[in-house]
Structure formats: C-alpha cells, structure tokens
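Peer 1:
In the numbering used here, the protein residues as written are 44 to 439.
Quick look at the structure:
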C-alpha cells in the first residue's frame with residue numbers, strides 16, 4: 044500500500060528545514076557568535092525564550108528550552124561545543140526565527156548572517172606566537188632561563204621571580220610576566236584575584252625600573268599569562284604612566300573571576316586598543332568573567348582539551364614551546380669541492396684527491412699561469428717589459 048503524508052505534516056517538515064537552515068552547524072561560528080553577546084543581549088535572548096516557550100514546536104526539547112531560558116556566555120559556549128548538539132541548534136534556530144528584525148535584536152540576527160558566510164577566525168600573528176613562547180621561558184627560575192631565544196637576548200639584570208626582559212637587534216624590548224606556579228605565594232595571589240578581581244601590586248616597581256633603564260628609541264611591549272595578566276594591569280591601574288610608556292600589552296588567558304565582589308581589573312582595559320587579549324573559549328578562567336562588551340582587541344580560539352588544559356600557552360605559541368626555532372648548529376663546509384673543469388675540455392672533472400690537493404698547493408707556491416685567450420698579442424707587453432728591465436730598478 045502506498046504511504047501518503049497529510050498537507051499539514053508536509054508543511055511542518057518544510058518549515059523545520061527552513062528554520063534550521065538559519066543557524067550554522069559550524070561550531071566555530073556558534074562559539075564566536077556566543078562570546079560576542081553582551082549582558083543586555085543575553086537578557087533579551089532569555090526574555091525571548093520565556094515569551095515564546097508556550098508555543099514551541101515539538102522538535103524543541105525541554106533541555107534546549109532550559110538552556111535558552113538561562114542563557115549566558117558560558118552555557119552557550121558549552122552547548123555549542125558538545126559533540127552531538129542538534130537538540131541545541133534546533134532550539135536556537137527556532138528562537139532565532141521568532142526574533143523580530145527591530146527592537147535591538149541585532150546580535151541574535153547576526154548568527155543567521157554567519158550561516159551564509161565562510162568562517163573567518165581571529166588572526167593570530169607570528170609576533171603573538173613568539174611572545175607566547177618568550178613568556179613560557181619566564182616560568183623557569185632566573186638561573187634556568189636561556190640566555191637567548193630565537194632572535195631575542197635575555198637581559199639578566201632585570202630578572203626576578205615574575206619578570207624577565209628580552210631585547211632584539213631591531214630595537215624592541217619585551218617584558219614577560221609569568222603566571223601561576225605551584226608556589227604557595229602564587230596560590231595566595233590567585234585566591235585574592237578570585238575574591239577581589241585584582242592582585243596586589245607586585246610588579247609595578249619592577250616595570251618602572253625596566254622602563255627607566257630603557258634607552259630612548261627602543262619599543263617596549265609587555266606580555267603576561269594567567270595570573271601575570273592581573274599583575275601587569277594592577278600595576279597599570281596603580282600608575283597609568285607605566286602603560287603610557289608601553290607600545291602594546293599582550294594578555295594570554297587573562298585571569299577573570301565571576302565571583303569577585305569588585306570589577307575585574309582585566310575587564311577595565313577591554314575597551315583599550317593598546318591591550319590585546321587572547322582567550323580560549325573553553326577556558327573557564329578567562330571566559331567566565333568577560334565584561335559587558337568583551338575586549339575590543341582580542342583573539343578567540345578554542346583548544347582541544349577540556350577544563351584547565353585550555354588555559355595553557357600551548358594554544359598560542361604552538362607545540363614544543365621550549366624547543367621552537369632554536370638551532371645551535373653551525374654551518375659545516377663541504378670537504379669535497381664541487382666538480383670543476385680543470386683541463387678545459389668542457390666537462391667537469393672529478394674532485395681532486397688529498398694528494399692532488401697537496402701537490403696543487405705546492406705548485407701554486409712556485410708558479411702560476413695566466414691565460415689571456417687565443418687572440419692575445421703579447422708584443423706590447425714585451426716592449427714594456429724590455430724597457431723597464433734593461434736598466435734595472437736601482438734608480439740609475
């Protein structure tokens with residue numbers, strides 16, 4: 044017996060396909076969109092989900108509705124990252140279709156526009172990667188740090204527990220501030236950042252000393268990772284003249300606390316183009332406390348690991364950070380010379396043996412031959428020679 048579909052069922056299937064096509068399935072696009080929503084954007088999204096919940100279609104699950112009604116950056120990024128997230132994207136597509144074009148829903152509608160375009164990630168430059176590798180070296184004790192790294196030379200007079208300074212031949216100076224180690228001191232500072240959103244001013248005087256002893260004309264950049272980002276910005280916050288003397292500040296996996304009773308110091312500089320943020324979208328340390336608008340100068344990436352593994356510099360500087368681009372080998376000259384046409388027969392001869400090398404050297408000490416070509420006329424040279432040798436060279 045043939046099977047028939049009712050018009051209403053066919054219409055529902057067609058409508059579902061239309062709605063689903065408005066949301067990209069590329070998880071990178073979903074995460075990039077989710078992280079750029081402001082607090083006000085998410086409030087509108089939550090209100091929108093509550094308003095239309097009674098009329099949701101059957102394919103929108105209770106789980107999807109629960110996520111949408113309580114949506115924030117963290118929840119949306121986690122849902123987008125899940126391996127099998129069709130339940131979430133179907134619910135999001137339905138809610139997106141219900142959002143009006145007017146009324147401040149621009150951010151929601153941007154996701155539909157992203158579905159029509161190829162993914163374009165945030166650019167990570169070679170300078171960004173190189174600075175990440177230099178910061179990684181700062182996690183070692185001053186005695187263990189390399190004297191040089193790639194084309195940078197460490198300035199040991201500025202070494203401290205948190206800070207290391209590197210110069211290159213192009214007139215650039217890079218000040219590196221490391222993050223958390225296993226020391227009790229670092230764990231105490233981390234606890235203070237979690238509670239207050241900032242650290243004590245532990246590196247302010249060190250930064251001032253480095254800047255005071257930097258010759259005019261040298262460009263200074265500052266970079267930090269994790270806890271170090273709070274140390275650097277706390278120093279800037281206590282003395283803004285320090286930042287005015289720095290060209291660019293690079294913050295890798297900045298420390299942001301969602302539990303802080305005060306505004307995170309790393310949020311205070313999000314609108315400053317002179318501060319460049321590097322945030323892994325699965326890093327709870329960085330994403331959880333993003334400010335109202337999010338950083339203006341930022342690179343968003345997603346690491347392959349879950350949890351704290353996404354908080355590593357590996358995401359920014361590449362694998363084998365400590366071994367990158369270090370080549371201490373010297374250029375070895377080939378002991379065998381290239382084939383050479385010694386008998387002028389138009390063909391290269393075999394390289395000479397060691398005995399032939401010695402014989403050739405001895406012969407060269409005694410005599411040499413000049414070949415001026417077949418058309419050379421030596422009469423002029425003979426006349427010159429006879430005129431200048433008959434009377435000798437004794438001045439007579």
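The C-beta atom is built at its ideal place from N, Cα and C for all residues, glycine as well.
Predicted model, so just to flag it, every value in this text is computed and none were measured.
(1) Would you kindly report the start and end of the unbroken beta strand (DSSP E) that includes residue 360?
(2) Is it right to say residue 230 is buried, meaning 16 or more other beta carbons lie within 10 angstroms of its own, or is it exposed?
(3) Starting from the Cα of residue 137, find the closest Cα among 284, 93, 75 and give me that residue.
(4) Report all residues from its chain with a CB closer than 6 Å to the CB of residue 15; omit the five preceding and five following residues, and keep chain order.
(5) Among all the DSSP beta bridges, which residues are the ones paired with residue 293?
(6) Checking 9 Å against the spacing of the C-beta atoms, do residue 79 and residue 112 come in under that value?
(7) Cβ of residue 357 within 9 Å of Cβ of residue 318?
(8) Classify residue 207 as helix, strand or coil using the three-state DSSP reduction.
(9) Going straight from the alpha carbon of residue 219 to that of residue 178, what length do you get?
(10) Does the separation of the CB atoms of residue 255 and residue 292 fall below 9 Å?
(11) Could you compute how far the alpha carbon of residue 367 sits from the alpha carbon of residue 190?
(12) State the Cα-Cα distance for the pair residue 54 and residue 135, rounded to the nearest angstrom.
(13) With DSSP collapsed to three states, give me the class of residue 193.
(14) Using CA atoms only, rank isn't needed, just tell me which of 321, 290, 288, 194 is closest to residue 297.
(15) Near residue 337, what residues of its chain come up, given a Cβ to Cβ distance below 8 Å and the 5 sequence neighbours on each side ignored?
(16) Between which two residues does the alpha helix (DSSP H) containing residue 91 stretch?
(17) Just to confirm my understanding: we take residue 87, look at its own chain, exclude 5 residues before and 5 after, and list those with CB closer than 6 Å. What are they?
(18) Quick check on residue 284: does DSSP put it in helix, strand or coil?
(19) Count the other C-beta atoms from every protein chain shown that fall within 10 angstroms of the C-beta of residue 227, then say buried if there are 16 or more, exposed otherwise.
(20) Over the uninterrupted beta strand (DSSP E) stretch that includes residue 68, give me the two end residues.
(21) Tell whether a beta-carbon distance below 9 Å holds between residue 271 and residue 221.
(22) Using the rule of at least 16 other Cβ atoms within 10 Å of the residue's Cβ for burial, across every protein chain shown, is residue 139 buried or exposed?
(23) Going by other Cβ atoms of all chains shown within 10 Å of its Cβ, with 16 needed for buried, is residue 107 buried or exposed?
(24) Mapping DSSP to helix, strand and coil, what is residue 54?
(25) State buried or exposed for residue 262, treating a residue as buried only when at least 16 other CB atoms are found within 10 Å of its CB.
(26) Which of the three DSSP states, helix, strand or coil, is assigned to residue 343?
(27) If you check the beta carbons only, do residue 123 and residue 73 fall under 9 Å apart?
(28) Would you kindly work out how many angstroms separate the C-alpha atoms of residue 71 and residue 116, rounded to a whole number?
(29) Apart from the five residues just before and just after residue 153, which ones in its own chain have a Cβ nearer than 7 Å to its Cβ?
(30) Quick one: what does DSSP say residue 272 is sitting in, helix, strand or coil?
(31) As a quick exercise: from 184, 288, 281, pick the residue whose alpha carbon is nearest that of residue 244.
Peer 2: Result, derived from the coordinates:
(1) Note, residue 360: premise wrong, no beta strand (DSSP E); alpha helix (DSSP H) at 357 to 360.
(2) That one is exposed.
(3) Of the candidates 284, 93, 75, the one whose C-alpha sits nearest the C-alpha of residue 137 is 93.
(4) In the structure displayed, the chain extends from 44 to 439; residue 15 sits before or after that span and is not available.
(5) Answer is 266, 319.
(6) Result no, Cβ atoms of residue 79 and residue 112 do not sit closer than 9 Å.
(7) No. Outside cutoff.
(8) Here DSSP, grouped into helix, strand and coil, assigns residue 207 to strand.
(9) Rounded to the nearest whole angstrom, the C-alpha separation of residue 219 and residue 178 is 5 Å.
(10) Contact flag unset, no.
(11) Any answer about residue 367 is weak, because its pLDDT of 45 lies below 50 and its placement is not dependable; what the coordinates show is given next. Rounded to the nearest angstrom, the two C-alpha atoms are 15 Å apart.
(12) Their Cα atoms are separated by approximately 20 Å.
(13) Correct three-state label for residue 193: coil.
(14) The alpha carbon of residue 297 has as its nearest neighbour, out of 321, 290, 288, 194, the alpha carbon of 321.
(15) Residues of the same chain with a CB within less than 8 Å of the CB of residue 337, apart from the 5 flanking positions on each side, are 78, 79, 81, 313 in chain order.
(16) Per DSSP, residue 91 is one residue of the alpha helix (DSSP H) stretching across 82 to 95.
(17) Closer than 6 Å at the Cβ level, and outside the excluded window around residue 87, lies no residue.
(18) Helix.
(19) With fewer than 16 other Cβ atoms from the protein chains shown falling within 10 Å of its own Cβ, residue 227 counts as exposed.
(20) Going by DSSP, residue 68 is part of no beta strand (DSSP E) at all; its letter is neither H nor E.
(21) The answer is yes: Cβ separation under 9 Å.
(22) So residue 139 counts as buried.
(23) It counts as buried.
(24) When DSSP states are grouped into helix, strand and coil, residue 54 belongs to the helix group.
(25) Exposed, since its Cβ has fewer than 16 Cβ neighbours within 10 Å.
(26) Residue 343 falls in the strand class under three-state DSSP.
(27) With respect to the 9 Å criterion, residue 123 and residue 73 are classified as neighbours on the basis of their beta carbons.
(28) Rounded to whole angstroms, residue 71 to residue 116 spans 14 Å at the Cα level.
(29) 76, listed in sequence order.
(30) In this structure, residue 272 counts as helix in the three-state DSSP scheme.
(31) The residue with the shortest Cα to Cα distance from residue 244 is 281.
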